[in-house]
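Asker: The structure that follows is given in the form of structure tokens.
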Amino acid sequence: MKKAVAIFLALMMVFLVQLPAMKAEVYPSDIFVTPSIGVPAIGIPGDTVTMEVKDGVQINELTIVSVLHGPYKLQIVGKDGNFLKVKIPDNVAPDDYFLQVKSNKGDITIPNGVWVLKEYPKVLKIAQVSDTHVTSGAKVGYVCKEYFQRSPSKLAKLCEPVIPLHSVVATDSAYTYWAMQGVNVIINTGDDVDTSGDIKGYQILYNILSRTAAAGKPLINIKGNHDDPPTVYSKLIGPRYFYEVIGNFIIIGLDSRGEEGHPEMAQIEWMEKVLDENKGKIPIVLVHHPYFFSPRWNYLGGILQGLDPFDDNDWKTLQTYLRYWAGEPDVARRFLEDVVKYNIRLILSGHIHHDMYWLYIDKNGNKHWFVTLTATGAPDKETNPHTNPRYSPTWYGSNLIYVYENGSIAEPEVHIKIENNKVRSDFMSIPVPQEFIVFRHHGKDGTAVKFINELNNSVSGPITLVIPAGAKIDPSVTNITYTVLGERTIDGINYLLLNATVPVGVSQIVVSKEKDTQKPEVKIAYTLPPKPRMGRAFKVYFKATDNIGVRDMYVEIDANGKTMKYVGEPTRGDPTSTYYVAQIPGVNAEKYTIKVVVTDFYGNKAMDEKVVGGTTSTTTTKTSTASKTTTSSSSTTSTTPTQTSTPTSTSSSSLTETTSTSSAATSSSTATTSGRTCGPAAIAALALIPLLLRRRK
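Each residue of the sequence shown is one higher than the one before, counting from 0 in numbering that gives the first Met the number 0.
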């Protein structure tokens, strides 16, 4: 009886204790259907653009601002239900703008909210990324030049140095590269994050997109099956399906949903209505699951000619080339009929984590390109060199596609080999981020970026850094060429915009408040298993932090008079994480020393070591400092980019960016609580203590 009373009292305490209330959030989707960070309003100076608000929303003020231009006030010149007609002022400078909104539901800022062009393009230059699979957890592959493996030790036998490429780093690297190029727009064809409920993952992606928009590069995103259900996706990125008109071009984004693998008929009918209302424009369709797909991975596409979806016999043949869309033949047939009827020239997809190219030539001789891109961020793909001879190897890639006003398509940097109407090329995409990698670091005293450029040429263009207030570029430890274009704080985040040239090789830029003489901090946490067996693989977990960022880190194993190095990699994509791991393939010795060595951007070095085996195990921490860093590429550090308005921690590592609670999607769009969470479980335990003590007595 007394035990039951104690449990009852514990439960009562849980319900009676006042828990902190969840902070009220205002998301872009609470105000707008469009625009959003993934679907901007598009126009030229003097144009009137359409914005769709949610039910019950009253817009009080609209302003656009970029790092270099504005702010400009936008005027609402008309309203039809939930659709607003908004005029872009005649004096607006062309740029990609943050849209600042004041409404009865709250105030928000939407990066990439309004894209203003000087004039509409004659050639639409598209940079395609896909399957970025951003995650707050661990999702790491390993690259070295053109090679890609999921095992660091296996890759080390083929090539050095081994570079761990987290999905966050890969995604940020691709967006950074294409923001520096002369493309019109970057399009992500789905699986933006790895898990649809990972709000931290979406916030990390939101920060990457925000930096890209701050560099002046417009963005368009569609969702994939990993973004399904689109609960968080719709809050932060954009709607399920939409269309964008860019002069003579119209881009239609469809939702192929989750396990279904294709849009529903209602979407197809909606697309037909949009195309009927925009006759004469060049249609481009974005849909995550590819339409044509052979069930064999090593079948990379080909040419289909003269088959008519309106003909029953031809349709039976065409169905043999379907996989994901085959589950609903009526939808699949209707879509291909629309491709022919509306002369849809380009269909961009992802999903299969492999390059694939189909050229469909209809009975009228019109060409329709179905281009599927390998994964830009996910390591879940066939390795290069391949591990299974039946499969075709791949890598981390992105693409550059030109669409001309006459509807013709060109991929200027891609070489596709076709024999007997079948594609024979393994690598049709550009090796970015495979061979252009950007590691961003944020600390309380500065910001630093490490570049690894293994392309055949330097890369030049605009790049945005998020920096602490008062920090300046330190030329003594910066070895890229740069020009400062401007600096502005938008929504509490301080953006520094540069025009930079990243040379071939390893280079860096450092923005700091003062010369850094503070050494990093490093500590071996544990090994897994705790007592590694001789010759068996194990992992070394360690913590590393720095006031600006850890530039390089690796684990040394000293055994039998030899020293072996293994690269460190992040254990999580969460920007608050400071823990790393190194995978050790095994040590053939009874006794050896584990050393973790970390170096910051000023060359300050720290080390922690642990002796394994023998009668005792000891741990020793050693540190040293130096005035300048080197640009050796013998080891690299994967980092997690994010944006930080007010770093508050006392130290920061290459994976750590400590932010205020408002530094994620918008100034108030991070799920936070007001105060620390109290411990109901602890209260329950306290209530049971008297009972437990009596029982012991």
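Using N, Cα and C, we set each Cβ at its ideal position, and we do this for glycine too.
1. Would you call the CB atoms of V510 and I472 closer than 8 Å?
2. So, at 6 Å on beta carbons, what are the nonlocal neighbours of L303 in its own chain, with the 5 sequence-adjacent residues on each side left out?
3. Using C-beta distances below 6 Å, list every residue in its chain close to V32, excluding the 5 sequence neighbours before and after it, in chain order.
4. Taking the beta carbon of Q507 as the centre, do at least 16 other beta carbons fall within 10 Å, making it buried, or is it exposed?
5. In or out: R693 buried (at least 16 other Cβ within 10 Å) or exposed?
6. Going by beta-carbon coordinates alone, are K380 and T373 separated by less than 8 Å?
7. In whole angstroms, what is the alpha-carbon distance linking N111 and V25?
8. What did DSSP end up calling R550 once you bin it into helix, strand or coil?
9. Do three or more CB pairs link the segment 586-598 to the segment 551-559 at distances below 8 Å?
10. T500 and I479: beta carbons closer than 8 Å?
11. With 16 as the cutoff for other CB atoms within 10 Å, does H132 come out buried or exposed?
12. Which residues does DSSP list as the beta-bridge partners of C143?
13. Mind checking which residues open and close the beta strand (DSSP E) that includes L208?
14. If you drop the 5 nearest sequence neighbours on each side, which residues of the same chain put their C-beta closer than 6 Å to that of D361?
15. Taking all protein chains shown into account, do 16 or more other C-beta atoms lie within 10 angstroms of the C-beta of A528, making it buried, or fewer, making it exposed?
16. Where does H367 sit, in a helix, a strand or coil, going by DSSP?
17. Just the C-alpha distance for S28 and S457, rounded to the nearest angstrom, thanks.
18. Would you tell me roughly how many angstroms separate the C-alpha atoms of V285 and V580, rounded to the nearest one?
19. In chain order, what are the residue ranges of uninterrupted alpha helix (DSSP H) at least 4 long that sit wholly in the segment 220-275?
20. Within a Cβ cutoff of 6 Å, which residues of the same chain sit near D89, ignoring the five residues on either side of it in sequence?
21. Does F438 come out as helix, strand or coil in the three-state DSSP assignment?
22. Do the CB positions of A212 and L496 come within less than 8 Å of each other?
23. For a minimum of 4 consecutive residues, which ranges assigned as the alpha helix (DSSP H) are wholly contained in the segment 77-163?
24. What is the rounded straight-line gap between the Cα of V611 and the Cα of V161?
25. Got a sec? Which residues, its chain only, sit under 7 Å from F537 by beta carbon, not counting five neighbours each side?
26. In the structure shown, what three-state DSSP assignment does E336 receive?
27. Mind checking whether I267 and F334 have CB atoms under 8 Å apart?
28. Could you give the first and the last residue of the continuous alpha helix (DSSP H) run that contains D29?
29. Does DSSP classify W767 as helix, strand or coil?
30. Is the segment 118-137 touching the segment 389-399, taking contact as three or more C-beta pairs under 8 Å?
31. Based on the DSSP output, what are the partners of Y565 in its beta bridges?
32. By the three-class DSSP mapping on this structure, what secondary structure does S166 have?
33. Just curious, the beta strand (DSSP E) that W314 is in, first and last residue?
34. In the structure shown, what three-state DSSP assignment does Y326 receive?
35. Assuming I492 is part of the beta strand (DSSP E), what are its boundary residues?
36. Determine the extent of the beta strand (DSSP E) in which G504 is found, giving its start and end residues.
Answerer: In short, the structure shows the following:
1. Position 511 of the sequence shown, counted from the start, is the residue given in the question as residue 510. Position 473 of the sequence shown, counted from the start, is the residue given in the question as residue 472. Result yes, Cβ atoms of V510 and I472 sit closer than 8 Å.
2. Stepping through the sequence shown from its first residue, residue 303 is reached at position 304. So the qualifying residues of the chain are Y359.
3. Within the sequence shown, the letter at position 33 stands for residue 32. Result list for V32: E51 and P238, in chain order.
4. In the sequence shown, counting from the first residue as 1, residue 507 sits at position 508. The residue in question, Q507, is buried, as its Cβ has 16 or more Cβ neighbours within 10 Å.
5. Along the sequence shown, one-based indexing puts residue 693 at 694. Since pLDDT at R693 reaches only 36, below the 50 mark, its modelled position is unreliable, and the value read off the structure follows with that caveat. R693 comes out exposed.
6. Residue 380 sits at position 381 when you count from the first residue of the sequence shown. Residue 373 sits at position 374 when you count from the first residue of the sequence shown. In this structure, T373 lies closer than 8 Å to K380 by Cβ.
7. If you number the sequence shown from 1, residue 111 lands on position 112. If you number the sequence shown from 1, residue 25 lands on position 26. If I take the Cα positions, the gap works out to 18 Å.
8. For the purposes of this step, residue 550 is taken as the residue at position 551 of the sequence shown. In the structure shown, R550 sits in a strand (DSSP, three-state: E or B).
9. yes
10. Here the question's residue 500 lines up with position 501 in the sequence shown. Here the question's residue 479 lines up with position 480 in the sequence shown. Taking 8 Å as the Cβ cut-off, T500 and I479 qualify as a contacting pair.
11. Your numbering for residue 132 matches position 133 in the sequence shown. Under this definition H132 is a buried residue.
12. The sequence position of residue 143 within the sequence shown is 144, counting from 1. C143 pairs with Y146.
13. As a position in the sequence shown, residue 208 is number 209, starting the count at 1. That residue, L208, is in no beta strand (DSSP E); its alpha helix (DSSP H) goes I198 to A213.
14. In the sequence shown, counting from the first residue as 1, residue 361 sits at position 362. Once the five neighbours on either side are set aside, the close Cβ partners of D361 are V339.
15. On the sequence shown, residue 528 is found 529 positions in, with the first residue counted as 1. Strictly speaking, residue 528 in this sequence is Pro, with Ala absent from that position. It counts as exposed.
16. Here residue 367 corresponds to residue number 368 of the sequence shown, with the count starting at 1. The answer is strand: DSSP assigns H367 an E or B state.
17. On the sequence shown, residue 28 is found 29 positions in, with the first residue counted as 1. On the sequence shown, residue 457 is found 458 positions in, with the first residue counted as 1. Roughly 40 Å separates the two Cα atoms.
18. Taking the first residue of the sequence shown as 1, we reach residue 285 at position 286. Taking the first residue of the sequence shown as 1, we reach residue 580 at position 581. Here the sequence assigns Leu to residue 285, which means Val is not the residue at that position. In a straight line, the C-alpha of L285 is about 38 Å away from that of V580.
19. 230-235
20. Indexing the sequence shown from 1 puts residue 89 at position 90. Taken in chain order, the residues that qualify are P44 and G45.
21. Counting from one through the sequence shown, the residue named residue 438 turns up at place 439. Strand.
22. In the sequence shown, the residue the question calls residue 212 occupies position 213. In the sequence shown, the residue the question calls residue 496 occupies position 497. Not in contact: A212 and L496 (Cβ atoms no closer than 8 Å).
23. 151-155
24. Reading the sequence shown from its first residue, position 612 is the one you call residue 611. Reading the sequence shown from its first residue, position 162 is the one you call residue 161. One C-alpha to the other measures close to 25 Å.
25. Position 538 of the sequence shown, counted from the first residue, corresponds to residue 537. Once the five neighbours on either side are set aside, the close Cβ partners of F537 are T526, L527, P528, P531 and I583.
26. Walking along the sequence shown from the start, residue 336 turns up at place 337. DSSP places E336 in helix when its eight states are reduced to three.
27. Your numbering for residue 267 matches position 268 in the sequence shown. Your numbering for residue 334 matches position 335 in the sequence shown. Result yes, Cβ atoms of I267 and F334 sit closer than 8 Å.
28. Numbered from 1 along the sequence shown, position 30 holds the residue referred to as residue 29. From DSSP, the alpha helix (DSSP H) with D29 extends over P27 to I30.
29. What is shown of the chain runs 0 to 696, which leaves residue 767 out entirely.
30. yes
31. The residue you call residue 565 lines up with position 566 of the sequence shown. Paired residue(s): V554.
32. Indexing the sequence shown from 1 puts residue 166 at position 167. It is helical.
33. Numbered from 1 along the sequence shown, position 315 holds the residue referred to as residue 314. Premise fails: W314 lies in the alpha helix (DSSP H), D311 to Q318, not in any beta strand (DSSP E).
34. Here residue 326 corresponds to residue number 327 of the sequence shown, with the count starting at 1. It should be noted that the sequence gives Gly, not Tyr, for residue 326. In the structure shown, G326 sits in a helix (DSSP, three-state: H, G or I).
35. Numbered from 1 along the sequence shown, position 493 holds the residue referred to as residue 492. Start and end: I492 to V501.
36. Here residue 504 refers to the residue found at position 505 when the sequence shown is read from its first residue. Taken as a continuous stretch (DSSP letters only), the beta strand (DSSP E) holding G504 covers G504 to S511.
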